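Take 36 as the starting number for the sequence shown in my numbering and just add one per residue.
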Amino acid sequence: MAHQRGIPGAHPSTAVLTRGFDPRLSVGSARPAVFRSSTYVFATPEAAERAFNLVSGREQAEPGEVPDLIYSRFNHPNAEILEDQIVPIEEGSEWAMAFNSGMAAIMTSLLAVLQPGDSMVYTVPLYGGTQNLIHELIEKLGIVCRPVVAGHSAQLEEAINTTPNLKVVLIESPANPTMVMTDIKRACLTAAHLNPKPCVMVDNTFLGPAFQHPMTLGADLVIYSATKYLGGFSDLLAGVVLGSDPELNKRIRSRRGLFGNILQPDECWILDGRLPTVSLRMNRQSKNAQRVAESLVNRPEIRKVYYPTLFDDPEQIRIRLSQCDYPGAMIAIELHGGKPAAFEFIRHLRLAHNAVSLGGMETLVCHPGSTTHSGCSLEERRIAGITDGLVRISIGVEDWRDLLGDFENALEQSAKLVGSVAR
Ligand SMILES: *Cc1c(COP(=O)(O)O)cnc(C)c1O
36 MAHQRGIPGA
46 HPSTAVLTRG
56 FDPRLSVGSA
66 RPAVFRSSTY
76 VFATPEAAER
86 AFNLVSGREQ
96 AEPGEVPDLI
106 YSRFNHPNAE
116 ILEDQIVPIE
126 EGSEWAMAFN
136 SGMAAIMTSL
146 LAVLQPGDSM
156 VYTVPLYGGT
166 QNLIHELIEK
176 LGIVCRPVVA
186 GHSAQLEEAI
196 NTTPNLKVVL
206 IESPANPTMV
216 MTDIKRACLT
226 AAHLNPKPCV
236 MVDNTFLGPA
246 FQHPMTLGAD
256 LVIYSATKYL
266 GGFSDLLAGV
276 VLGSDPELNK
286 RIRSRRGLFG
296 NILQPDECWI
306 LDGRLPTVSL
316 RMNRQSKNAQ
326 RVAESLVNRP
336 EIRKVYYPTL
346 FDDPEQIRIR
356 LSQCDYPGAM
366 IAIELHGGKP
376 AAFEFIRHLR
386 LAHNAVSLGG
396 METLVCHPGS
406 TTHSGCSLEE
416 RRIAGITDGL
426 VRISIGVEDW
436 RDLLGDFENA
446 LEQSAKLVGS
456 VAR
């Protein structure tokens with residue numbers, strides 16, 4: 036707990052298992068205990084005073100000093116262990132903060148940086164919840180929010196250079212559900228020329244932490260819905276923010292203490308146990324997805340398969356090769372025959388479940404137009420490429436041949452009922 040153990044300079048897959056956890060503080064247990072206490076006992080009244088002076092920022096910790104725990108809305112051992120252990124798997128990060136959902140992580144980060152009168156530039160499409168947060172809360176606080184269509188690097192650069200009082204650049208890449216990519220490095224370089232420099236935040240939920248490393252591209256904050264790949268089993272809600280600037284850490288941490296949206300001990304413990312396998316799971320899921328996506332390309336029932344290895348735009352191919360190690364496990368397919376074909380396809384799946392969310396061990400399929408993106412205007416859908424025939428697939432760790440067989444069978448059944456194949 037806040038103890039830097041393990042081998043200095045160890046690789047991420049070693050460090051995630053060895054740093055940040057001292058078995059002596061868990062009665063020798065090889066895995067961390069769960070500390071459910073809401074409050075912590077001080078050794079002396081002076082220690083209590085010192086702890087409050089440190090948490091409020093009135094005093095600074097001495098080198099090597101481990102601040103006493105106070106109360107679990109501010110901090111608790113399982114959050115500390117999780118936060119120490121997740122840092123090595125996000126290249127370039129130096130600190131992490133756990134939240135009780137991805138939305139809590141995004142909201143708290145934005146509210147730690149933005150003030151009324153400031154402005155923010157963001158890529159669209161964004162995750163639906165984030166989009167609603169911007170319209171229903173951030174804009175109403177008197178913050179100017181300017182959208183730029185994902186993948187349009189020159190327009191993003193222009194928006195960053197010309198928006199007055201710019202404090203935040205929020206990038207979600209790849210974009211949900213068609214995987215359009217935004218050049219993170221170019222946006223960071225543009226932002227770096229401004230004074231004061233806006234904070235570049237990247238929602239890295241779709242490809243991180245295994246395949247995309249925004250901190251190494253110049254981002255200030257990397258944000259996750261840990262509900263997805265980090266959690267990996269569709270059994271918990273969580274969010275994580277990672278960064279390297281101590282000032283940002285302090286500001287976000289103090290907001291989290293006020294809002295009370297720290298992740299609870301049990302969830303921290305579960306999520307911490309999932310960290311060593313994130314890369315193993317994501318690699319298997321990506322391999323599966325690539326085989327499925329590339330096998331579906333020539334199906335007569337499908338108009339287009341959206342998947343990073345199947346990009347045809349040269350600029351998108353360039354971005355993918357420069358910022359992503361592997362293509363990931365999210366696929367979107369557009370069926371001939373519109374919504375009826377999409378619905379029949381989903382109805383006839385026997386292995387994949389019809390559910391929103393993504394990143395779990397099991398394959399999930401949804402129809403974005405009527406579910407995740409049903410709140411979008413027609414114009415927003417057009418920009419995001421969300422047609423009536425579009426189906427989103429989150430590939431799990433099943434055998435890819437079984438998944439492909441399931442999809443092929445459902446495509447045949449759908450085409451039989453709707454009569455829609457390419458001529
Ligand atoms: C799911 C998701 C979120 C929101 O996360 P929750 O854990 O559901 O609050 C944010 N961004 C992206 C890209 C997501 O997929």
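Glycine included, every Cβ here is placed at the ideal spot set by N, Cα and C. From a predicted model like this one, the values you see are computed outputs, not experimental measurements.
Taking the alpha carbon of residue i as the reference point, which residue from the options has its own alpha carbon closest?
i	options	result
tyrosine 106	Arg59, Gln299, Lys232	Gln299
alanine 245	Val257, Gly253, Ala210, Asn200	Val257
cysteine 234	Gly164, Tyr157, Ser260	Tyr157
isoleucine 297	Gly44, Cys411, Met138	Met138
tyrosine 361	Lys322, Ser91, Leu104	Lys322
leucine 16	Ala131, Asn389, Pro375	One cannot answer for residue 16 here, as it falls past the ends of the chain, which runs 36 to 458.
serine 279	His383, Cys401, Asp119	Asp119
glycine 243	Gln358, Asn113, Val453, His371	Gln358
serine 128	Val453, Gly253, Ile430, Gly404	Gly253
glutamine 166	Glu447, Ile141, Ala377	Ile141
valine 184	Ile178, Leu168, Gly164, Pro209	Pro209
glycine 292	Leu439, Asn135, Asp437	Asn135
isoleucine 428	Thr198, Gly295, Phe241	Phe241
glutamate 415	Ile121, His46, Glu100, Pro160	Pro160
serine 48	Asn239, Asn113, Val122, Leu104	Val122
aspartate 434	Ala387, Arg93, Val313, Val101	Ala387
alanine 86	Leu104, Pro98, Thr74, Gly99	Leu104
threonine 198	Ile178, Pro212, Thr213, Glu207	Ile178
serine 61	Asn113, Ile421, Ile354	Asn113
histidine 383	Thr74, Pro98, Val400	Val400
serine 269	Asp238, Leu393, Arg355	Leu393
arginine 353	Lys220, Gly164, Asp153	Lys220
serine 72	Asp301, Arg338, Asp218, Gln320	Asp301
arginine 338	Ala96, Tyr264, Asp423	Asp423
valine 237	Asn230, Leu229, Pro231, Gln247	Gln247
leucine 205	Leu370, Ser64, Cys180	Cys180
glycine 308	Gly44, Arg66, Ala45	Arg66
glycine 7	Leu356, Glu336, Glu350	This structure cannot settle anything about residue 7, because the visible part of the chain is limited to 36 through 458.
Where does residue i sit, in a helix, a strand or coil, going by DSSP?
i	result
methionine 396	coil
aspartate 153	coil
proline 249	helix
phenylalanine 442	helix
valine 432	coil
valine 76	coil
serine 128	coil
leucine 89	helix
glycine 55	coil
histidine 388	strand
leucine 161	coil
alanine 83	helix
histidine 46	coil
alanine 377	helix
methionine 277	This sequence places leucine at residue 277; methionine is not what is there. Correct three-state label for leucine 277: strand.
leucine 425	strand
phenylalanine 70	coil
phenylalanine 294	helix
isoleucine 133	The amino acid occupying residue 133 in the given sequence is alanine; isoleucine does not appear at that position. Reduced to three states, the DSSP call for alanine 133 is strand.
valine 453	helix
glutamate 447	helix
With residue i and residue j assumed to form a contact (beta carbons below 8 Å), what rounded beta-carbon distance in angstroms separates them?
i	j	result
leucine 172	proline 151	The Cβ separation is near 12 Å, so there is no contact.
glycine 266	leucine 306	6 Å
histidine 111	phenylalanine 70	6 Å
alanine 445	phenylalanine 380	5 Å
methionine 250	glutamate 126	6 Å
isoleucine 116	glycine 55	6 Å
alanine 32	leucine 438	No statement about residue 32 is possible, as the shown extent of the chain runs from 36 to 458 and does not include it.
valine 432	glutamine 320	6 Å
leucine 460	alanine 96	No answer is possible for residue 460: the residues shown for the chain start at 36 and end at 458.
Under 7 Å between C-beta atoms, does residue i make it to chain D?
i	result
glycine 253	Absence of chain D from the displayed structure is noted, only one protein chain being present.
Stretch-stretch touch, CB-based, cutoff 8 Å, three pairs: the segment 211–226 with the segment 184–194
yes
Check whether the segment 285–295 touches the segment 179–189, taking contact to mean three or more Cβ pairs, one atom from each stretch, closer than 8 Å.
no
Could I get the ranges of all uninterrupted beta strand (DSSP E) runs contained in the segment 296–375, with 3 residues as the minimum, in chain order?
337–341, 365–370
Does the segment 402–411 come close enough to the segment 338–355 to have 3 or more Cβ pairs within less than 8 Å?
no
At what residue ranges does the segment 180–265 contain a whole run of the beta strand (DSSP E), taking only runs of 3 or more?
DSSP assignment within the segment 180–265 yields the following whole beta strand (DSSP E) runs of 3 residues or more, N-terminal first: 201–207, 234–238, 256–260.
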